[in-house]
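Q: According to the numbering used here, the residues represented by the sequence shown are 3 to 237, in order. Glycine included, every Cβ here is placed at the ideal spot set by N, Cα and C. Before anything else, here's the structure in question.
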Amino acid sequence: MNDQQYARDFWEQGYLVIENFFTDGLMDHLNQVILAHFGRNPDWEHSDDFIQKSATEVIPWFPLREGDVNFQPIEKDELLKNLTKRILGKGWESLYLMVMFSKQGTQGQAWHQDSPPENSSRFNLNRLFYTHDINMKTGGQTIVYPGSHKMGELPAGNPHEDLENQIVLSPKKGTLVIIHGHCWHRVLPIKGEYRVSANARAIPDGTPKDITDIAVYRNIRYRFSTQEVIEERQK
Ligand SMILES: O=C(O)CCC(=O)C(=O)O
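This is how it looks when you write it as structure tokens:
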């Protein structure tokens, strides 16, 4: 693996896809752990207001905060640590590991940025991995807008509309997808029985730990800690 080239690609495009990064054995095990945690019909965690306004239907779980050791091999993976250092530089830190579960028939996640882009040096890094294949049949493909990490605020508009130049990613089991927190991204509706992804978020040296508290959607800015819409955005 040529980390230098990967880091260059990442900084140009705002995202990176590496297939077969994690083994099938680890992914199968984590998929089982995740399903055992959620069951097939878990309750929503976000407020109705958030789900309705943000058009985002996902249930988060933070297993490492609960001392679940099953996910430690991800955080400890040397290749992932080296690649992260190439991208973020010395002094980077793990932020948290969040598993995301979406039910069949739900709308996925609308276009968003994980934090406001006004200060380009203040961002998080999404280090996403997939414990099952995601494709046309399962739905839930991840969509990115190349280069948008350098384009400022996600334009106001329809939360789920197709944008010219968007790229549809269909990550397979074990694929690593790295997305800059300011890069515009979303998730398509779920057609399969369920959709799972997990995100070992990281931050550059000196980044505030609450960097992902305020997310930018095309119609709102939302603060998770107070469960509040802090701005309604107009087209
Ligand atoms: O699950 C995915 O593929 C994308 C997740 C995402 O949008 C995020 O963690 O901000």
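For LEU127, name the three-state secondary structure that DSSP assigns.
A: Working through the sequence shown from its first residue, we reach residue 127 at position 125. Residue state, collapsed to three classes: strand.
Q: Determine which residues share a DSSP beta bridge with LYS105 and list them.
A: Locating residue 105 in the sequence shown gives position 103, where the first residue counts as 1. For LYS105, which the question treats as bridged, DSSP gives the partners TYR196.
Q: Who sits around ligand 1, taking every residue whose Cβ is closer than 6 Å to one of its heavy atoms?
A: Chain-ordered list of matching residues: MET102, GLN111, ASP116, ASN128, LEU130, THR144, HIS187, VAL189, SER199, ASN201.
Q: Does the beta-carbon of TRP113 have 16 or more other beta-carbons within 10 angstroms, so that it is buried, or is it exposed?
A: One-based indexing of the sequence shown puts residue 113 at position 111. It counts as buried.
Q: Tell me the DSSP secondary structure of GLY240 in three-state form.
A: With the chain represented from 3 up to 237, any question about residue 240 goes unanswered, as that position is not in the structure.
Q: Count the other CB atoms, across all protein chains shown, that sit within 10 Å of the CB of GLN7; report buried if there are 16 or more and exposed otherwise.
A: By 1-based counting over the sequence shown, the position of residue 7 is 5. Burial call: exposed.
Q: With 16 as the cutoff for other CB atoms within 10 Å, does PRO210 come out buried or exposed?
A: Translated into the one-based positions of the sequence shown, residue 210 becomes position 208. Exposed, since its Cβ has fewer than 16 Cβ neighbours within 10 Å.
Q: One question on the structure: do PRO144 and VAL189 come within less than 8 Å of each other, judged by their Cβ atoms?
A: Your numbering for residue 144 matches position 142 in the sequence shown. Your numbering for residue 189 matches position 187 in the sequence shown. The sequence as given places Thr at residue 144; Pro does not occur at that position. A contact, by the Cβ cut-off of 8 Å.
Q: Can you tell me which residues form a DSSP beta bridge with TYR17?
A: What you label residue 17 is simply residue 15 of the sequence shown in a count that begins at 1. Partner(s): ILE181.
Q: What number of angstroms, rounded off, separates the C-alpha of TYR17 from the C-alpha of ALA38?
A: Here residue 17 refers to the residue found at position 15 of the sequence shown. Here residue 38 refers to the residue found at position 36 of the sequence shown. So the alpha carbons of these two residues sit roughly 31 Å apart.
Q: What's the call for ILE232, buried or exposed, on a 16-neighbour Cβ count within 10 Å?
A: Counting from one through the sequence shown, the residue named residue 232 turns up at place 230. So ILE232 ends up on the exposed side.
Q: Nearest to LEU130 by CA position, among PRO191, LYS175, GLU68, LYS55, is which residue?
A: For the purposes of this step, residue 130 is identified with residue 128 of the sequence shown, where counting begins at 1. Measuring from the Cα of LEU130, the nearest candidate turns out to be LYS175.
Q: In whole angstroms, what is the alpha-carbon distance linking TYR326 and ARG10?
A: Residue 326 lies beyond the residue range present for the chain, which begins at 3 and ends at 237; the question has no answer from this structure.
Q: Pop quiz: THR133 and LEU32 are said to be a contact at Cβ under 8 Å. What is the actual Cβ separation, rounded to whole angstroms?
A: Stepping through the sequence shown from its first residue, residue 133 is reached at position 131. Stepping through the sequence shown from its first residue, residue 32 is reached at position 30. With a Cβ gap of about 5 Å, THR133 and LEU32 count as contacting.
Q: Under 8 Å Cβ to Cβ from TYR224, same chain only, skipping five residues before and after it: list those, please.
A: Position 222 of the sequence shown holds residue 224. So the qualifying residues of the chain are PHE52, LYS55, SER56, ILE216, ALA217, GLU230, VAL231, ILE232.
Q: To the nearest angstrom, how far is it from the Cα of ILE205 to the Cα of GLU195?
A: To locate residue 205, count along the sequence shown from 1; it is residue 203. To locate residue 195, count along the sequence shown from 1; it is residue 193. Looking at the two C-alpha atoms, the distance is approximately 33 Å.
Q: Measure the CB-CB distance between GLN115 and TRP13 and report whether it falls below 8 Å.
A: Taking the sequence shown and counting its residues from 1, the one referred to as residue 115 is at position 113. Taking the sequence shown and counting its residues from 1, the one referred to as residue 13 is at position 11. Going by C-beta atoms, GLN115 is not nearer than 8 Å to TRP13.
Q: Taking a contact to mean a Cβ-Cβ separation below 8 Å, would you say THR177 touches LEU127 in this structure?
A: The residue labelled residue 177 in the question sits at position 175 within the sequence shown. The residue labelled residue 127 in the question sits at position 125 within the sequence shown. Going by C-beta atoms, THR177 is not nearer than 8 Å to LEU127.
Q: Name the two residues that bound the continuous beta strand (DSSP E) containing GLN111.
A: Counting from one through the sequence shown, the residue named residue 111 turns up at place 109. It spans 111-115 - the beta strand (DSSP E) in which GLN111 sits, taken as one unbroken run.
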